[in-house]
Every structure is written in structure tokens, then in C-alpha cells.
Amino acid sequence: MAPHRSLPEENAAPQASPAAPSAPDRAAPPPPHPAADPLRLPALGAAALLAAALVGLLVRNRVRQQRRRPPRRRIPMPGVEEQQYEAFLRAMADPTGLDLLDRTLRTLGMTCLETGAELPPLTAVALRPGGTVDLHLAAPAAPLTPFAAASPDGSVWRCHADEAELIAPEQARDVPAPYPALVTLGRTIDGAHVLVDLEQVRQLHLDGTREEVAAVSRALAAELAASPLADRMRLLAVGGPGPAGADEAFGNDRMSRCDSTDQAVAELIAHRTAMEGSLTGCQVPHPRAARSQGVATDVWAPTLLCTDRELTGSQFSQLTWALSGAEHRCVAAVTPATAGPGLRVDARPGHHQSPGGLPFAVELQRLTADEYTAALSLLATSLLPADEPPPDWTGHDPEAAPDPDDPFVIPVLATRSRATGGGAPASATSVPLLDPDLPGGARPRSGLVPALSTGLRAHRAADAEIRRQRQHPGEPPPHAEPPLTGPPPLGEDGWPLAPAPRVLLLGPVRLIGATGFAEPALTSQLTALAALLAAHPDPDPRLVDAVIHPVPYAAQRPAAVGRRAQQVRTAALSRLRDWMGAAPGGAPYLDPAARRLHPAVTCDWTDFQDLYRHGMNARGPAEDAALRRALDLVRGGPFDGSHQLYPWAEPYRQDMVSAIIDTSHELAKRRLAVGDLTGCETALHSGLAAVPEAEILHRGLIRLYATSGLRDHVAATITRLAQVNDALGCLGYEPETLELFSSISGQGPGRTAHQRRHRYRHRRG
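What follows is the structure, given as C-alpha cells:
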């Protein structure tokens, strides 16, 4: 073991500048730009991993909002411009690639923890299309699982996702992040994303104008602050990377805004000094060795400085000392270019380069000031209280107070004698309809019943037929011909097939019943276009363009490009029209004169809305049946499927999620109130099948099983909720859930991923 040294080592790399700058107000000037530009292309903008990190943070925030949302209310959604930017981020994001990279690196970390090997220092990481991860090492070494050698000297390791055995996501969450300061530098011409380890680089020098440097530093700061590749970190943002509200948007545990570079450098020095003491106390030579051995894993969180302000001579000298040494001390900096050691990159847009001898021609990612403002606004909106009025289609009174006796919001355990629960029925309609004489509330007043749509008329007709068969079993319907065949065939959502096309949104998006022809290669895009027309009749042309081909936020396109977009839009609508076919009268199912579907085309979401309005705004057997049939339309998460085909759908999806949770919650309350515990359980399972993160529904199951004495079911439900929280990034439990846990003797939430993750804290290699 190398002896610990509390001061920067001699002959170490990167070395401190041999002569400190003499001018007190300016750092030494950087070298000039490289002489040649290999290639000039349009600016990259946000890379796929940055977009995935931001979208992932939005997802977690909105799950929290949905959990705090009172029943029959809605979560706040961003304005139009921010929604457009979110749609672009979702179209650009590569969450699969980000998850692959994270699990690959944590598998390497697990190998080191189990074998005593040491994590190799990295020069760069490349995430290539198709799921290949390359590690470029600072020094050749024998490869460790899951990597194999990709160069004769062992300086490049490679992992193919389809060949390697990576640890499962739930295992990965228990392994400390091995390289928490990894960040995307940019993208190569062939689509590979190149990342650098800022701790190994020490100082990333951005060479360019003030705005060019600011654009790159914003992108790096945003990705670091949202990155799942780090369990913990502290980002000190000064200037452009840290505008007002950035620390609240990303979380004070990730980003700290500093008023001055002096303050940030002082905190960087303090962190380095603390790391020196921790290394001495833990008797390890450097943080990389500590992470490899699982020693005090909570201690080695990096502190990073990111600024677009030029350094003074004094700041440069102090920063050079803080970053010096043969091995890093969990500190690094991103600054305008200086004469100090580190990695120097050209911040000009559209410029591909091979910085620091890397074997890549990389264009740096960047965020304009408007894009960064839009991203921060999205995040800020996702942190607001979730108490927006319900949309008009629900028929709810926006001023209505919440139910003060809601058993799933305010848990009051009251044992009931009837306990019929215990299973997880596959369908909400497996519960028999209530008899009219069972208690269920007053019949609806006629003024509360909305106009009946095709879907609701079908529901009412089926309900009437069930009632008639109960009253007159075995008798054929009046004035009806004897049936010659069996019941009508059902579609994917359990709804009777109609002669017209039907768009399914409550689950994987489908277009069924189309009578025309479409090229198989185009059906995914055309299905997405049909989904847009079903959710948003006669949409703005820009929304149609976003479905066909998402474009960057606020892109200024030449007129020729605009005309081309109109031609592409017209061609796509024409193909969809050909695929959907025509009604029996000859009218096409997609109006040629407008972006609107024929009235005969149905949609499961429209039918759900009709059933929701009928069932939620009054009480009675027919209303409960309407809620059950609404839940039967749900086949999974709304717009489930390829995220890149539906980047525009998030406002609609959140409305659907809220409605599904409220339907499940309301029906469960009603069934619990009349002692139908099986019906209550079924309603809750139906909602959780579509929205597994809905904590109010988990809470309902826990309460139900506790009142029924089914303690094994209570424990299993708590475990499932803990697994959901872990998968979403260690979300905590809501106060009502904690109160419920305390009300159940001998039950508890168990350890979260955050509590389990550091089980290697005192492990030694």
C-alpha cells in the first residue's frame, strides 16, 4: 500500500504549473485554437444521455406529484413552449443506453468488490449504437468482467450488451457508483456518445467565446446534476451553469449555486482537504482504491466546479493546487481555458475534434440559454404542489373539497368481519355486478348524467341486459331474433369489435380495424399519427411534424425546409388515410379536408372518459359498473411502448394516469364501504397494473389486507411498493403510508435501496 501524503505529490500528473501566474487578476492565456477544422456541421445541442437524465428526473418528480395529488385533482403541467422542449428531449433521449451504461459500470464495480481488483483509471468511455460500451484506459490492464479486451495492449475494454451477463437492475442499485463524475463530452459522426471522467481529467478547459463556453458548461452542469451514474455528488455552479432557481430545480443535494468563483474554489479546496483526512482514517491510498474495495462508500462523493467565468491569477493558483496529485481527491473543474494541465476542448459549435489525443472526432454537446431556461422551468413545474383543478371533461366541481373520510388517504384501521380478499383477479369485470338492493348510495339525478357516447351507450345496453337476465333467467331478449352465432368478437381492450377502426391508447398504442393497406415499415409512425388525431382532433401542424420527425426546440428552419415539412406531413396523412380505409357510405375514416377522424372511429380513451363521467359523479350499482368497465379498458400504462414515437403525449398521459388512479381508488372505496373486499382488491389491482407507482393504491391494498387479517399479503404488498420506489430512484414513502405502517403491528417498510446500497461500506479487499 502506498504511503498516504497530505500534500500534492512531486512529479505527479497533472502537475501544478511551474510558475504561478504573476498577474493578480487574470489567469495565463490559453493556447490558440487548432489550425484546422476537420468538419463543420449544425450544432449538436443536447446529447441523448443528457436528455435521458433530464427526462428521468422529470419522471421521478411527476411520480412524487401524482402521489401527493388529492383525488380528482391534477398535477401542474408546463406551458406550451416548455412542452415543446420536453417533447424534443423525449425524442432525443436514450434511456435504454443510459441504463445499459449504468449497469455495465456497476457490474464492473461488483467484480472489483468481489475479487479485490482495482477499478481502472479511464481516459474516456464510448457508448456506441447497438449497445456496445468501450472503456479507454489511462494505462493498459487485463480486462475485468463484464469487459473483454478490444485492443492488443489491453488499453481498450469492450462490453457487448447482447453478449455480456450484466447484473440485474435491482442488484445494480446495491452497488456504489464506480465513476460518479462521468459526463458526456459529445457525440461522434457515427453516433457514439463519448464520456470523460472529470475526476481523472481534473480540469476540463473550454476554449471559445463567452457564449460558446457558457453553452457547453450548461450542458455539462445539467447532465451532472441529473445523472443516475452518480449516487451522490455536489456541483458548484457559478455564472451561466447556475442561474437563479437551478439549485432548487435539480435539488440542493446535487447543485449549489455560488455567488463567486472564489467561494466555489474555497469549497473545492475544503473538500480536497477533507478527502485527505478520510484517506488517512480509512488507510487507503486514494478514492479509486476505496471505491474498488467498498470502503466508506458514502465518503467519496465528488465535488465539481462548473463555471463560464474566466479565472483570476489567484483563483487559478488555488485551483491548480486543489486538482494536483497522482490520484484525484474527488474534485474536478470545468472552466474557460487556462494554461493549466487537464483536457482542452474547442467549444465552437459544429466543430468535430479529437481532444487530448482521444481516438474520436467529437462535437461537444451544448445548451443555449433558452434551452437551459426551458429545462429549468420544466423541472420547477414538476416540483410544484399537485393541486390543479380537474379538466372539464371529468364533470367534477373544481371547488369541491376532498373526502375527509377517505380510508386510503387518512388510514383508520377498522376491522371488518367479512373478509373475502386474497387473490389478484385478472379483470375488474370478474367481480359480479351489485344487486340493486345492496347499499351503494343514491341513484344519480338526471342532471348529472352526461350525454351518452357510443361507448357509454354500449355499456348501458350491456348493463341493462345483465339486469334483465337476472330478473328473467333463460328468457330471450324481447323482440329479438334467436342468436345464430356466439357473442360478438372482442378487441384487444375487451371492447366489442366494430366495423370502423379503433385507436387504443390505454396501454401499448394500437390501431385496429383498419381496412386499407400500409407498408409494414411505416405502421409504427402511422399508428402514432392516429394516436395524435384521436387524443387531439385537428392538431396544430407542428404537432403533426413532431410525430413524423421531432425537430430541435425553437429551430429556425428555412422556408424551403418548411415547404418540405408540409409535403412530408401531407404524404403521411395520405398514407394513414389509405390504411384506415373508408366507411360503408364511402367517406374516408380520415377527413381529407382536415386533420380529423371520422365519427365512426372509436378510441378507448374516449370511452373511458364517458364511463368515468358517468361513474364518478354519482353513486349506485350502474355507476360502479361503469367504473369497473372503465378499468377493463386499461391494458397497461397509457401510451406504453416506444418513448420516441410519443414524445408529444406526456400531457395526455398524465391526465390518463390521474384518471386511472382516481377510478381505481373511487371504486375500491365504494366496494370497501359495502363490505365487498374482493371487489375492492380487484379495483386496486386493476389500477396498479397500469400505474404500479400509485402509492395510494398500494396503501389501499395494505389497509384491505390488514383489516382482513392477511398478513402475508400485507408483507408482499409492502415489498412490492419498496421495489417500485427503488426502481424509481429511492423515492421515499408518503406520510400517510408511514402512518399506515405504524398502525400495523409488526409491519414496516423494509430497507430502501439507499439503505441497502452501502452494505459494502466497511468491506475491505
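Per this note's numbering, residue 814 is the first one in the sequence shown, and the count goes up by one each step.
Quick reminder that beta carbons are idealized off the backbone N, C-alpha and C, glycines included.
Since this is a predicted model, take the numbers as computed values, not measurements.
- DSSP places G929 in the coil class of the three-state scheme, outside both helix and strand.
- In the three-state DSSP reduction, E1176 falls in the strand class (E or B).
- Using a Cβ distance threshold of 8 Å, G1021 and R887 do not count as a contacting pair.
- Following the DSSP letters along the chain, one finds D1205 in no alpha helix (DSSP H), marked with neither H nor E.
- If you draw a straight line from the Cα of P1115 to the Cα of T1093, it is about 18 Å long.
- With the rule of 3 Cβ pairs closer than 8 Å, the segment 1169-1184 counts as touching the segment 995-1005.
- Per DSSP, reduced to three states, the secondary structure at H1498 is helical.
- The C-alpha of P1312 lies about 26 Å from the C-alpha of L1440.
- The Cβ atoms of P1215 and P884 sit closer than 8 Å to each other.
- For I1325, the enclosing beta strand (DSSP E) starts and ends at 1323-1325.
- When DSSP reads this structure, H1006 sits in a beta bridge with L940, R1000.
- Between H1018 and T1148, the gap from beta carbon to beta carbon is short of 8 Å.
- Membership of M1068 in the beta strand (DSSP E) is indicated by the continuous run 1068-1070.
- With respect to the 8 Å criterion, A1213 and E894 are not classified as neighbours on the basis of their beta carbons.
- When the five nearest sequence neighbours on each side are left out, the beta carbons in the same chain lying within less than 7 Å of the beta carbon of E1201 are those of R886, R887, I888, P889, in order along the chain.
- With 16 or more other Cβ atoms inside 10 Å of its own Cβ, T920 counts as buried.
- Between the segment 964-982 and the segment 1028-1048 there are fewer than three inter-stretch CB-CB distances shorter than 8 Å, so the stretches are not counted as touching.
- Counting C-beta atoms within 10 angstroms of its own C-beta, A1057 has fewer than 16 neighbours from the protein chains shown and is therefore classed as exposed.
- Put simply, the backbone Cα of T1074 is about 49 Å away from that of A1348.
- Boundaries of the beta strand (DSSP E) harbouring Q1016: 1016-1020, taken from the DSSP string.
- Q1013 is not bridged by DSSP to any residue.
- Checking the DSSP bridge columns, you'll see D987 has no partner listed.
- With distances taken between CA atoms, A981 lies nearest to T917 out of Q1422, T917, A1199, H1362.
- Separation of the CB atoms of L1510 and L1501 is rounded to 5 Å, and the pair is thereby assigned contact status at 8 Å.
- The alpha-carbon separation between L1324 and P1405 amounts to approximately 19 Å.
- Looking at the DSSP output, H1209 shares a beta bridge with no other residue.
- In this structure, the alpha-carbon of P959 lies about 46 Å from that of C1493.
- For D1420, no beta strand (DSSP E) run applies; the uninterrupted alpha helix (DSSP H) run containing it begins and ends at 1417-1429, by DSSP.
- Linking Q1106 to S1069 through their CA atoms gives a straight-line distance of about 30 Å.
- P1168 and A1145 have their C-alpha atoms spaced approximately 18 Å apart.
- The shortest C-alpha to C-alpha distance from P891 to any of P1350, C925, L1189 is the one to L1189.
- By the CB criterion at 8 Å, S1477 and S1499 fall inside the cutoff.
- Unbroken beta strand (DSSP E) stretches of 3 residues or longer found wholly inside the segment 1091-1139: 1116-1120, given in chain order.
- In the structure shown, L1386 adopts helical secondary structure according to DSSP, grouped into three states.
- Collapsing the DSSP output to three states places H1164 in a strand.
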